[in-house]
Structure formats: structure tokens, C-alpha cells
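Enquirer: Just passing along the structure, written as C-alpha cells.
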Amino acid sequence: MQDEPTPTELIKAVADFLRNEIAPEIKGHNAFKLRVGINALDLVTRQLALEGDSDGAEAARLKALLGVEGSLLELNRALSDKIASGEVGLQAPGVSEHLWQTTMDKLAVDQPNYASYKRELGTK
Amino acid sequence: MIEAQLGRCVASWFSGATGVTGAAKLSGGASQETWTFDIVHAGGSTGAILRRAPPGHGASPGRAAGLDAEAALMQLAHDAGLPSPRVMHVLRPEDELGIGFIMTRIEGETIARKILRDDAFAKARPMLARQLGGVIAGIHGLPAAKLPKLREMSATKEIADLEREYRSFGRPRPVFELALRWLRERDPGPSKEVTLVHGDFRHGNLIIGPDGVRAVLDWELAHLGDPMEDLGWICVNSWRFGEIDKPVGGFGSREDLFAGYEAAGRRADPARVMFWEVMGTLRWGIMCCGMMQRFRLGPDHSMERAMIGRRSSETEIDLLRLLAPRGG
Numbered sequence: 004m005q006d007e008p009t010p011t012e013l014i015k016a017v018a019d020f021l022r023n024e025i026a027p028e029i030k031g032h033n034a035f036k037l038r039v040g041i042n043a044l045d046l047v048t049r050q051l052a053l054e055g056d057s058d059g060a061e062a063a064r065l066k067a068l069l070g071v072e073g074s075l076l077e078l079n080r081a082l083s084d085k086i087a088s089g090e091v092g093l094q095a096p097g098v099s100e101h102l103w104q105t106t107m108d109k110l111a112v113d114q115p116n117y118a119s120y121k122r123e124l125g126t127k
Numbered sequence: 303m304i305e306a307q308l309g310r311c312v313a314s315w316f317s318g319a320t321g322v323t324g325a326a327k328l329s330g331g332a333s334q335e336t337w338t339f340d341i342v343h344a345g346g347s348t349g350a351i352l353r354r355a356p357p358g359h360g361a362s363p364g365r366a367a368g369l370d371a372e373a374a375l376m377q378l379a380h381d382a383g384l385p386s387p388r389v390m391h392v393l394r395p396e397d398e399l400g401i402g403f404i405m406t407r408i409e410g411e412t413i414a415r416k417i418l419r420d421d422a423f424a425k426a427r428p429m430l431a432r433q434l435g436g437v438i439a440g441i442h443g444l445p446a447a448k449l450p451k452l453r454e455m456s457a458t459k460e461i462a463d464l465e466r467e468y469r470s471f472g473r474p475r476p477v478f479e480l481a482l483r484w485l486r487e488r489d490p491g492p493s494k495e496v497t498l499v500h501g502d503f504r505h506g507n508l509i510i511g512p513d514g515v516r517a518v519l520d521w522e523l524a525h526l527g528d529p530m531e532d533l534g535w536i537c538v539n540s541w542r543f544g545e546i547d548k549p550v551g552g553f554g555s556r557e558d559l560f561a562g563y564e565a566a567g568r569r570a571d572p573a574r575v576m577f578w579e580v581m582g583t584l585r586w587g588i589m590c591c592g593m594m595q596r597f598r599l600g601p602d603h604s605m606e607r608a609m610i611g612r613r614s615s616e617t618e619i620d621l622l623r624l625l626a627p628r629g630g
């Protein structure tokens with residue numbers, strides 16, 4: 004067992020320092036790059052917090068849809084192949100719901116401020 | 303150093319030029335650079351832009367039209383009265399500046415967030431979609447006989463290109479598979495009409511002033527193809543910068559875009575435009591995945607490139623909104 008603080012706590016402390024203490028001091032192109040860097044750290048903390056549950060639920064949905072076992076990558080490959088061949092489409096029960104939920108879970112990590120995502124959160 | 307080279311070059315064709323000042327690189331990858339500078343002459347100074355592949359970087363990659371073709375297209379657009387810089391000089395070997403051209407610098411804004419939010423553009427925004435419809439119609443109407451040699455694309459070829467690139471990444475994405483399947487099933491086949499297509503008509507490649515559009519830039523992806531492609535590409539949600547209810551660049555409606563296009567004597571086909579909007583959304587998503595590949599494999603190990611890789615999911619939600627809308 005590794006000691007504390009957790010990775011999430013460490014990354015958040017670094018991101019907060021960069022955001023609150025360093026960003027106001029930096030100008031020009033490096034200010035832009037620093038903002039991108041802080042965004043990356045924030046993304047990592049969101050992924051660490053959310054990925055376990057969303058990956059578990061995604062795998063469970065895929066196993067139910069496809070009726071097979073496998074890793075998340077294998078299951079996604081199997082669904083992709085079936086969509087590509089036309090064997091599975093949006094009319095198949097649960098497919099649209101699965102793709103929507105999976106995509107919403109990705110946006111919650113990647114870009115929770117993306118306007119399309121915020122709109123869809125409200126119209127669920 | 304580049305100012306001295308530019309000074310020698312400019313002296314050979316700009317009558318009365320005494321030198322060059324203020325040279326600064328605006329953007330540049332390994333193979334293509336854009337510089338701004340001022341040509342000094344007795345009457346004052348003239349703003350200019352150099353777009354070039356530096357010496358040793360002659361070949362244009364894959365889909366690029368090539369800098370000579372870009373110069374020819376920009377000049378054609380300018381001569382036809384479309385908003386465009388004037389090409390002042392096409393580089394020659396004796397200029398020792400590489401391959402490329404020098405054009406007039408047009409003042410204005412290309413950054414989408416400023417165009418969509420700043421008060422300076424408040425009057426321009428409501429008229430932009432219609433105005434751009436007219437400009438796109440003008441591009442599509444440029445005389446075929448005068449065009450430089452360009453690749454010819456069709457929906458079928460574009461789907462195949464996108465699919466090949468996506469498969470080369472080796473990572474399954476069910477939403478992209480769904481979009482590819484949707485596109486293949488609705489492939490309209492060869493366009494009845496094949497015209498010049500700008501290929502990248504969107505924010506970043508348009509100079510906007512308080513008075514509206516001032517110039518169309520960057521003909522790098524120009525090709526021959528279905529004219530509806532340009533109308534679909536500018537409607538892709540990725541170029542709305544949060545203003546998702548204004549499909550044209552976050553400032554206007556499809557109806558205004560089509561009205562401007564049709565007022566210039568051409569016909570818009572809304573169903574086909576929608577087809578190209580789906581294609582364009584997928585295309586940007588695959589480009590984001592390509593950024594991730596280049597971050598991981600290539601010399602450009604930058605945070606920016608890495609983070610663009612994480613924007614491909616934005617195109618997945620936009621594809622689902624187009625292909626599998628909920629509650630509607």
C-alpha cells in the first residue's frame with residue numbers, strides 16, 4: 004500500500020499552485036501554454052476520480068449488449084466490428100443508450116465545459 | 303537575417319522600396335511558416351505577409367495543394383473581386399527564401415472567440431453568415447479553366463480516406479464506426495457539379511473586421527469537388543466555439559448562409575450540406591486523433607498537441623447529436 008497524499012491530492016495541489024501563484028505572473032505565449040498545462044492536470048484529476056466507475060459500467064453494458072466476455076478494449080473492438088459490418092445499428096436495443104452514456108462519461112473527463120455536453124446534461 | 307533577404311527580394315519588384323522592417327514569425331511548423339513585415343518606401347510603409355516553405359522544405363505533404371497553387375488561387379480570388387489579399391510576388395530561386403509567396407497584409411481579426419464576443423464585431427456578426435454565403439458562391443464560381451492543377455475529391459474518396467486514417471490508429475471507437483457507416487449508406491456518389499472547393503473555410507482562415515469579412519486565407523486544402531462541402535464544413539459544431547445554436551461559425555443561421563449563396567446565383571442543397579457537416583465533424587475528430595498520434599510518435603511532444611487528442615470526444619458527442627438525437 005502506497006502512502007498518502009494520493010495522486011489526486013498531489014496533482015490538485017500542483018495545479019492550484021500553478022493557477023493561483025504562477026499564472027498571474029506569466030505573459031504571452033507561455034501564459035497560453037501554462038493554461039493548457041493546468042487544463043491537463045485538471046483532466047487527470049477528473050479521470051482519476053471518474054474512470055473506475057465509468058469503465059466498470061461501460062464494460063457491463065458491452066457484455067450485456069454483445070453477450071461475450073473480454074477486456075474493455077476487446078469489447079469495444081467487438082462492438083466496432085459489428086457496427087462496421089452493419090450487424091449492429093442504432094435500432095438495436097440499448098445501442099444508442101450505450102453510446103450516449105459512454106460519450107457523456109468521456110466528456111465528463113475531457114471537456115465538462117463543452118457546450119454540447121452541458122446542453123445534453125440538461126436534456127437527459 | 304530574414305529582413306536582409308526580404309529587403310533584397312522586395313527591392314527587385316517593389317518600385318521605390320528602401321528596405322524591410324518589423325519581420326516577425328506569426329506561425330510555423332517544420333515545413334511551412336508565415337511571417338509579417340513592413341516594406342519601407344518613400345511614401346511610407348506597406349504591410350506584407352510571407353507564406354513559405356523554408357529552403358529545403360519544398361515538397362507539400364499529402365493533401366496540400368502546394369504553395370504555388372495557393373498563390374494562384376489567392377490571386378484569382380482577388381482578381382474576381384472576392385475578399386482576398388493581393389499576391390505581390392511569387393518567390394523565385396534567386397530570392398533564396400524557399401518556396402512560397404508574398405501578399406498584402408490585411409488588418410482584422412481571425413481569432414474566433416474575439417469575433418464572437420468582442421463589441422467591435424457586434425454589427426458584423428448578424429450579417430456574416432449571409433456575406434460568407436456570397437463569398438463561398440464566388441469561390442465556387444471561379445472559372446475552371448484558370449485554376450491551377452488540384453486533386454479531385456468526391457464523397458466516396460473522402461469517406462475512404464477518413465476510414466483508412468482512422469483504422470491506422472488501431473484503436474476502436476464505436477461512435478466513429480457509426481458515423482462511417484452512416485456516411486457510406488448515404489454517400490450521394492459523384493457530384494453533378496464539380497467546382498473549386500476551398501476545403502478549410504472556417505474561423506482562423508477568415509479575416510473579419512467590424513465591417514464584416516475582409517479576406518479569405520489559407521488555400522492549402524483547396525481541391526476540386528462537391529461545392530456543398532464548403533457549406534457543410536463551416537457548419538461543423540467545432541467552429542461554433544460554444545455558440546451551438548448558431549450553426550454557421552457560432553454567428554449565423556444556415557438559412558442566412560444559403561440565402562447569401564443563392565443570392566449570388568448558386569443553389570444550396572441542405573440535405574447534402576448536412577451530409578458534409580457529418581463528414582466534417584468526423585474529419586475533425588480523426589484529425590484530433592492524428593494529433594495524439596503525432597504527439598506520441600513524432601518530434602512534436604507538446605502539451606497542446608496532446609490535449610487536442612483529448613478533444614476527439616467533443617466530435618463524438620456532436621456526431622451523436624446529429625445521428626442519434628435524444629428526446630426529439
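So the sequences go chain by chain: A and B.
Count along the first sequence from 1, add 3, and you get the number used in the working numbering.
Count along the second sequence from 1, add 302, and you get the number used in the working numbering.
For every residue, glycine included, the Cβ atom is placed at its ideal position computed from N, Cα and C.
These numbers come from a predicted model, not from an experiment.
(1) At a Cβ threshold of 8 Å, is A325 (chain B) touching chain A?
(2) To which residues of the same chain is A446 (chain B) closer than 7 Å at the C-beta, ignoring the five residues directly before and after it?
(3) Return the Cβ separation of A481 (chain B) and V580 (chain B) in integer angstroms, given the expectation that the two are a contact with Cβ distance under 8 Å.
(4) With DSSP as the reference, identify every bridge partner of G309 (chain B), one or two as the case may be.
(5) Closer than 7 Å, Cβ to any Cβ of chain B: which residues of the stretch 10-36 of chain A, in chain order?
(6) Could you pull out every residue in the same chain whose Cβ sits closer than 7 Å to the Cβ of A95 (chain A), ignoring the five residues on either side in sequence?
(7) Could you check the C-alpha separation between G491 (chain B) and L533 (chain B) for me, to the nearest Å?
(8) List the residues that DSSP assigns as beta-bridge partners of S355 (chain B).
(9) Since I believe A367 (chain B) is in contact with L256 (chain B) (beta carbons under 8 Å), could you give me their beta-carbon distance rounded to a whole number of angstroms?
(10) Give a yes or no on whether 8 Å exceeds the smallest Cβ distance from E460 (chain B) to chain A.
(11) Mind checking the stretch 98-113 of chain A against chain B and listing, in chain order, the residues whose C-beta falls within less than 7 Å of any C-beta there?
(12) Give a yes or no on whether 8 Å exceeds the smallest Cβ distance from G55 (chain A) to chain B.
(13) At the level of alpha carbons, what is the spacing between E465 (chain B) and I588 (chain B)?
(14) Find out if the Cβ-Cβ distance for the pair R432 (chain B), A561 (chain B) is shorter than 8 Å.
(15) For E54 (chain A), which residues in the same chain have their Cβ closer than 8 Å to its Cβ, ignoring the five residues on either side in sequence?
(16) Does any residue of chain B have a CB that is nearer than 8 Å to the CB of A87 (chain A)?
(17) For the pair the stretch 115-122 of chain A and the stretch 538-546 of chain B, tell me if three or more CB-CB distances fall below 8 Å.
(18) Following the continuous beta strand (DSSP E) through E618 (chain B), name the residue where it begins and the one where it ends.
(19) By Cβ distance below 6 Å, which residues in the same chain neighbour W541 (chain B) in space, the five residues on each side in sequence not counted?
Expert: Quick look at the numbers:
(1) no
(2) none
(3) So it is a contact: roughly 6 Å between Cβ atoms.
(4) BP columns for G309 (chain B) are empty, so no partner.
(5) K36
(6) For A95 (chain A), there are no CB contacts under 7 Å within the same chain when 5 residues up- and downstream are skipped.
(7) 18 Å
(8) At residue 355 (chain B) the sequence reads Ala, which differs from the Ser that was named. Beta-bridge pairing links A355 (chain B) to B:I401.
(9) Because chain B is modelled from 303 through 630, residue 256 (chain B) falls outside the range shown and cannot be assessed.
(10) With respect to chain A, the C-beta atom of E460 (chain B) has no partner C-beta closer than 8 Å.
(11) S99, L102, W103, T106, K109, L110 and D113
(12) The C-beta of G55 (chain A) comes no closer than 8 Å to any C-beta of chain B.
(13) 9 Å
(14) yes
(15) V112
(16) For A87 (chain A), a Cβ of chain B is located within less than 8 Å of the residue's own Cβ.
(17) Yes: the two stretches touch, three or more of their Cβ pairs being nearer than 8 Å.
(18) From DSSP, E618 (chain B) is part of no beta strand (DSSP E) but of the alpha helix (DSSP H) over S614 to L625.
(19) R504, H505 and G551
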